[in-house]
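>
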Amino acid sequence: MDLQQSAYDLVRARFPDQVLGEGIHAGQRWVDVRRERIVEILTALRDEIPFELLMDLTAVDWLDQGRPERFSVVYQLYSLTHNDYYRVKAWLPEADPSIATASGIWQSANWGEREVYDMYGLTFDGHPDLKRILLPDSYPGFPLRKDYPLTGHGERYDFPKHTR
Amino acid sequence: MAVQRPMRLPMEIEEQEEGDLGSKRMVVNFGPQHPATHGTLRTIIEIEGEIVTNMELEIGYLHTGFEKLGEFRTYNQTVTITDRMNYLSPLCNNVGFSCAVEKMMGIEVTPRCAAIRVILYELSRIADHILCVGLQAMDLGAFSIMLWSFIERERLYDIFEDVTGARLTTSYTRIGGLFRDVPDDFADKVRAFLVTGRKTLREMEGMLNGNKIFRDRTIGVNVLRREDALSYGVTGPLLRACGVPYDIRRARPYLGYDQYDWDVITEEGGDVWARYRVRVRELEQSFRIVEQAIDRLPDGPINVDLPEVVVPLKDAHNAPEGGMEGLIYHFKNYMFGHGVRPDPGEVYFATEAPNGELGYYLVSDGTQKAYRWRVRGASFYNYQPFAIMCRGGSVSDVVSGLSSLNIIAGELDR
Numbered sequence: 024m025d026l027q028q029s030a031y032d033l034v035r036a037r038f039p040d041q042v043l044g045e046g047i048h049a050g051q052r053w054v055d056v057r058r059e060r061i062v063e064i065l066t067a068l069r070d071e072i073p074f075e076l077l078m079d080l081t082a083v084d085w086l087d088q089g090r091p092e093r094f095s096v097v098y099q100l101y102s103l104t105h106n107d108y109y110r111v112k113a114w115l116p117e118a119d120p121s122i123a124t125a126s127g128i129w130q131s132a133n134w135g136e137r138e139v140y141d142m143y144g145l146t147f148d149g150h151p152d153l154k155r156i157l158l159p160d161s162y163p164g165f166p167l168r169k170d171y172p173l174t175g176h177g178e179r180y181d182f183p184k185h186t187r
Numbered sequence: 047m048a049v050q051r052p053m054r055l056p057m058e059i060e061e062q063e064e065g066d067l068g069s070k071r072m073v074v075n076f077g078p079q080h081p082a083t084h085g086t087l088r089t090i091i092e093i094e095g096e097i098v099t100n101m102e103l104e105i106g107y108l109h110t111g112f113e114k115l116g117e118f119r120t121y122n123q124t125v126t127i128t129d130r131m132n133y134l135s136p137l138c139n140n141v142g143f144s145c146a147v148e149k150m151m152g153i154e155v156t157p158r159c160a161a162i163r164v165i166l167y168e169l170s171r172i173a174d175h176i177l178c179v180g181l182q183a184m185d186l187g188a189f190s191i192m193l194w195s196f197i198e199r200e201r202l203y204d205i206f207e208d209v210t211g212a213r214l215t216t217s218y219t220r221i222g223g224l225f226r227d228v229p230d231d232f233a234d235k236v237r238a239f240l241v242t243g244r245k246t247l248r249e250m251e252g253m254l255n256g257n258k259i260f261r262d263r264t265i266g267v268n269v270l271r272r273e274d275a276l277s278y279g280v281t282g283p284l285l286r287a288c289g290v291p292y293d294i295r296r297a298r299p300y301l302g303y304d305q306y307d308w309d310v311i312t313e314e315g316g317d318v319w320a321r322y323r324v325r326v327r328e329l330e331q332s333f334r335i336v337e338q339a340i341d342r343l344p345d346g347p348i349n350v351d352l353p354e355v356v357v358p359l360k361d362a363h364n365a366p367e368g369g370m371e372g373l374i375y376h377f378k379n380y381m382f383g384h385g386v387r388p389d390p391g392e393v394y395f396a397t398e399a400p401n402g403e404l405g406y407y408l409v410s411d412g413t414q415k416a417y418r419w420r421v422r423g424a425s426f427y428n429y430q431p432f433a434i435m436c437r438g439g440s441v442s443d444v445v446s447g448l449s450s451l452n453i454i455a456g457e458l459d460r
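So the sequences go chain by chain: A and B.
Residues in the first sequence are numbered from 24 upward in steps of one, following this note's numbering.
Residues in the second sequence are numbered from 47 upward in steps of one, following this note's numbering.
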């Protein structure tokens, strides 16, 4: 049984109103879902397929690309039992970029979500410790957004200087 | 938007009663400029006497913005960025990135290219593991092991310099092939290294395996349980030290790893000793793979025969000054807006780097630059459970555990 097909069947059968569509590229399939019941979807995938590992959690900014929403949070799942990957993409609107946390399902989501918050400004409801992870706490912007220039807004010149 | 948090003092005595000199419970700052962190890692440790009660990890001191930079560079230019991530084994990053783009474009590299990539990948793994074991021994007091491992690493770096022209910033791979073929004496040098490398490995094992100090400070120290390892997304030698036989080279073979005869190494226990044993035994497997690959290194071209991806060689048939075809391909490959352009789509491709799963998540919009370039660094996910591993242990075991994780700050913070 093809794991990617059975994962898609599971999501579509259990959460028919949440599925926005699916895609395939280079033999890798993914499912696009709404954000409202993402914790239930991921929990079902972890427990019933099972996907033991959340390999990676990241986000993509689709500014002006004609996508349903601006942001997508990408979950790379890996199943040790079946030796295959699957990808779940949850779509977040620009006006309210928030989604429930997956850190209760896999601990690896904890830092992954902190990095997404750091770089994109997406918030994860219920996250135990949502704060910046790579950038300083006082940093004003979200650098990986597409409307943020490569050279920054001059933040590097405004870091507080400590003098003795 | 950003929250201002109160800065914690490095030595904050939380409870001080009369007669108690603050020894009951204190907060100690470890790093980011501490020699035992082997990088810029900051750890805030709460200790009660000698026992670690809580730990907070702070990272980001080496954040370089590689993922943002990669969105402004073409695919072949991005190869140079990957060098700077895991700076103990830059060739592994090069190979992993090129394989990810080739997977997205559906390109199969030539047999000679695949074999050279495997040899260099495994030599990088040897350089990484042998240095990690050496530093682990140095942190526990066996300084000479570190010097021996550095000698072997120097020999490897000489080979890398011969092949790629640089010791660290190798940038050896190109999409669809390699920057150039290996020199003529490559096989001899690698064979010579296999002899000395194995000898040094035996010496290192002889110094450490029965060493009472080393065993006392590693066995049962910093234990990572199997279910925690899976939940935290830990991969590589750390996961195999918990008894999970997950190695991408065996699970999802790439570059013809299934043609070589080698074993996936697992150990039980999940402690520092098990990680040391996994690394040492994996070194022997890497020697085996290199030996087989160098013996049957095939002849033939190193680049795929796709002129829109790899510029054809400037020979008599299509020299830029003589042939029209060559001129067109040079133009198409190097002018702005041209070059390697995968179809719109996305791909996640992972290779087994020395410290775990090195995954690249690439999103292409059909132009010569990646729309999104995400690096799943093994260090990032391997470092997170360090807090729970140290909890309840002695404060001196923090150093022992940290060197066994092989955290590379360049890959951790990217």
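Glycine included, every Cβ here is placed at the ideal spot set by N, Cα and C.
1) Tell me which residue opens and which closes the beta strand (DSSP E) that V409(B) is part of.
2) Checking contacts by CB at 8 Å: is F432(B) closer than that to chain A?
3) Secondary structure at M131(B), three-state DSSP: helix, strand or coil?
4) Please compile the residues from chain A whose C-beta is within a distance smaller than 7 Å of the C-beta of M101(B).
5) Using a Cβ-Cβ cut-off of less than 9 Å, give me the residues of the stretch 392 to 405 of chain B that come near chain A, in sequence order.
6) How close, in whole Å, do the beta carbons of C145(B) and L404(B) come, if the pair is a contact with beta carbons under 8 Å?
7) Which complete beta strand (DSSP E) runs does the stretch 138 to 187 of chain B hold, if anything under 3 residues is left out?
8) Below 8 Å, can you find three or more Cβ-Cβ pairs linking the stretch 248 to 268 of chain B to the stretch 430 to 447 of chain B?
9) Determine the contact status of T264(B) and D317(B), defining contact as a CB-CB distance below 8 Å.
10) Which two residues bound the contiguous beta strand (DSSP E) that contains E46(A)?
11) At 4 residues or longer, and completely inside the stretch 228 to 273 of chain B: list those alpha helix (DSSP H) runs for me, N to C.
12) Could you have a look at L26(A) and say whether DSSP puts it in helix, strand or coil?
13) Evaluate the contact criterion for the stretch 440 to 450 of chain B versus the stretch 146 to 163 of chain B: three or more CB pairs, one atom per stretch, below 8 Å.
14) Determine the burial state of N428(B): buried for a count of at least 16 other Cβ atoms within 10 Å of its Cβ, exposed for fewer.
15) Hey, quick one: how far does the alpha helix (DSSP H) through A399(B) stretch, first residue to last?
16) So is L173(A) in contact with chain E if we call contact Cβ pairs under 8 Å?
17) With distances taken from CA atoms, which of P353(B), K415(B), T156(B) is nearest G372(B)?
18) So, using beta-carbon positions, are K130(B) and G456(B) closer together than 8 Å?
19) Where do the N-terminal and C-terminal ends of the alpha helix (DSSP H) with T210(B) fall, by residue?
20) Given a limit of 9 Å on CB to CB distance, which residues of the stretch 144 to 169 of chain B reach chain A?
21) Would you say Y300(B) reaches chain A, if we count a Cβ-Cβ gap shorter than 8 Å as a contact?
22) The stretch 36 to 57 of chain A: which residues have C-beta closer than 9 Å to a C-beta of chain B, in chain order?
23) Using a C-beta to C-beta distance shorter than 7 Å, which residues of chain A count as neighbours of V409(B)?
24) So that I know if they touch, is there some Cβ in chain A lying closer than 8 Å to that of D304(B)?
25) What's the call for I172(B), buried or exposed, on a 16-neighbour Cβ count within 10 Å?
26) Looking only at DSSP bridge pairs, what is W419(B) linked to?
27) Rounded to the nearest angstrom, how far is the Cβ of N349(B) from that of G223(B), given a contact under 8 Å?
28) Going along chain B, which residues have a C-beta under 7 Å from R110(A)?
29) Are the CB atoms of I122(A) and R58(A) within a distance shorter than 8 Å?
30) Using only the alpha-carbon positions, how far apart do Y380(B) and F260(B) sit?
31) Checking 8 Å against the spacing of the C-beta atoms, do L134(B) and A188(B) come in under that value?
32) So which residues of chain B does I156(A) contact, with C-beta pairs closer than 7 Å?
33) Between R244(B) and the rest of its own chain, which residues show a CB-CB distance below 7 Å, the 5 nearest in sequence each way excluded?
34) If we count the other Cβ atoms within 10 Å of its Cβ and call it buried at 16 or more, is Y180(A) buried or exposed?
35) Tell me whether M47(B) is buried or exposed, calling it buried when 16 or more other Cβ atoms sit within 10 Å of its Cβ.
36) Answer yes or no: does any C-beta atom of chain A fall closer than 8 Å to that of D204(B)?
Quick look at the numbers:
1) As a first step, residue 409(B) must be located in the second sequence, where it is residue number 363. For V409(B), the enclosing beta strand (DSSP E) starts and ends at 402 to 410.
2) Here the question's residue 432(B) lines up with position 386 in the second sequence. Contact with chain A is absent for F432(B), since none of that chain's Cβ atoms lies less than 8 Å from the residue's Cβ.
3) What you label residue 131(B) is simply residue 85 of the second sequence in a count that begins at 1. DSSP places M131(B) in coil when its eight states are reduced to three.
4) What you label residue 101(B) is simply residue 55 of the second sequence in a count that begins at 1. Under the 7 Å cutoff, chain A gives no residues; its nearest Cβ is about 13 Å from M101(B).
5) Taking 9 Å as the cut-off between beta carbons, the residues of the stretch 392 to 405 of chain B near chain A are E392, V393, Y394, F395, A396, E403, G405, in sequence order.
6) Position 99 of the second sequence, counted from the start, is the residue given in the question as residue 145(B). Position 358 of the second sequence, counted from the start, is the residue given in the question as residue 404(B). In this structure C145(B) does not touch L404(B) by the C-beta definition: roughly 10 Å separates them, more than the 8 Å allowed.
7) Secondary structure in the stretch 138 to 187 of chain B: no beta strand (DSSP E) run of 3 residues or longer lies completely within the stretch.
8) As far as the Cβ criterion goes, the stretch 248 to 268 of chain B touches the stretch 430 to 447 of chain B, which means the pair count is three or higher.
9) The sequence position of residue 264(B) within the second sequence is 218, counting from 1. The sequence position of residue 317(B) within the second sequence is 271, counting from 1. The criterion of a C-beta distance shorter than 8 Å is satisfied by T264(B) and D317(B).
10) Taking the first residue of the first sequence as position 1, residue 46(A) is located at position 23. What sits at residue 46(A) in the sequence shown is Gly, not Glu. In this chain, the beta strand (DSSP E) harbouring G46(A) covers 42 to 48.
11) Listed in chain order, the complete alpha helix (DSSP H) runs (minimum 4 residues) inside the stretch 228 to 273 of chain B are 232 to 254, 258 to 264.
12) Residue numbering aside, residue 26(A) sits at position 3 when the first sequence is read from its first letter. Note: L26(A) maps to helix in three-state DSSP.
13) Short answer: they don't touch.
14) Translated into positions along the second sequence, residue 428(B) becomes position 382. Buried: at least 16 other Cβ atoms inside 10 Å.
15) Translated into the one-based positions of the second sequence, residue 399(B) becomes position 353. For A399(B), there is no enclosing alpha helix (DSSP H); the enclosing beta strand (DSSP E) has its first and last residue at 391 to 399.
16) Here chain E cannot be found, since the structure's protein chains are A and B.
17) In the second sequence, residue 372(B) corresponds to position 326, counting from 1. That would be P353(B), whose Cα lies nearest to the Cα of G372(B).
18) In the second sequence, counting from the first residue as 1, residue 130(B) sits at position 84. In the second sequence, counting from the first residue as 1, residue 456(B) sits at position 410. Rather than Lys, the amino acid found at residue 130(B) in this sequence is Arg. Judged by beta-carbon spacing, G456(B) lies within the 8 Å limit of R130(B), meaning their Cβ atoms are closer than that value.
19) Numbered from 1 along the second sequence, position 164 holds the residue referred to as residue 210(B). Here the alpha helix (DSSP H) through T210(B) covers 189 to 210.
20) Those would be K149, M150, M151, G152, in chain order.
21) In the second sequence, the residue the question calls residue 300(B) occupies position 254. It does not: the Cβ of Y300(B) has no partner Cβ on chain A nearer than 8 Å.
22) So the close ones are G46, I47, H48, A49, G50, Q51, W53.
23) Within the second sequence, numbered from 1, the residue matching residue 409(B) stands at position 363. V83, listed in chain order.
24) By 1-based counting over the second sequence, the position of residue 304(B) is 258. Under the Cβ distance rule, D304(B) does not count among the residues neighbouring chain A, no pair being separated by less than 8 Å.
25) Position 126 of the second sequence, counted from the first residue, corresponds to residue 172(B). By the beta-carbon neighbour count (other beta carbons within 10 angstroms, threshold 16), I172(B) is buried.
26) Against the second sequence, residue 419(B) aligns to sequence position 373. Bridge partners of W419(B): L408(B).
27) One-based indexing of the second sequence puts residue 349(B) at position 303. One-based indexing of the second sequence puts residue 223(B) at position 177. That belief holds up - the Cβ atoms of N349(B) and G223(B) are roughly 3 Å apart, short of 8 Å.
28) Translated into the one-based positions of the first sequence, residue 110(A) becomes position 87. By Cβ distance, chain B contributes Y394.
29) Numbered from its first residue, the first sequence carries residue 58(A) at position 35. Numbered from its first residue, the first sequence carries residue 122(A) at position 99. A Cβ-Cβ contact shorter than 8 Å links R58(A) with I122(A).
30) Here residue 380(B) refers to the residue found at position 334 of the second sequence. Here residue 260(B) refers to the residue found at position 214 of the second sequence. Taking the CA atoms as reference points, Y380(B) sits about 55 Å from F260(B).
31) Counting from one through the second sequence, the residue named residue 134(B) turns up at place 88. Counting from one through the second sequence, the residue named residue 188(B) turns up at place 142. Not closer than 8 Å, so no.
32) As a first step, residue 156(A) must be located in the first sequence, where it is residue number 133. Per Cβ cutoff of 7 Å: I105, G106.
33) Taking the second sequence and counting its residues from 1, one reaches residue 244(B) at position 198. The residues are F333.
34) Your numbering for residue 180(A) matches position 157 in the first sequence. Its Cβ having fewer than 16 others within 10 Å, Y180(A) is exposed.
35) Indexing the second sequence from 1 puts residue 47(B) at position 1. Its pLDDT being 43, under 50, M47(B) is placed unreliably in this model, and the value from its coordinates should be taken loosely. Residue environment: M47(B) is assigned as exposed (fewer than 16 neighbouring CB atoms within 10 Å of its CB, all protein chains considered).
36) The sequence position of residue 204(B) within the second sequence is 158, counting from 1. So, not an interface residue.
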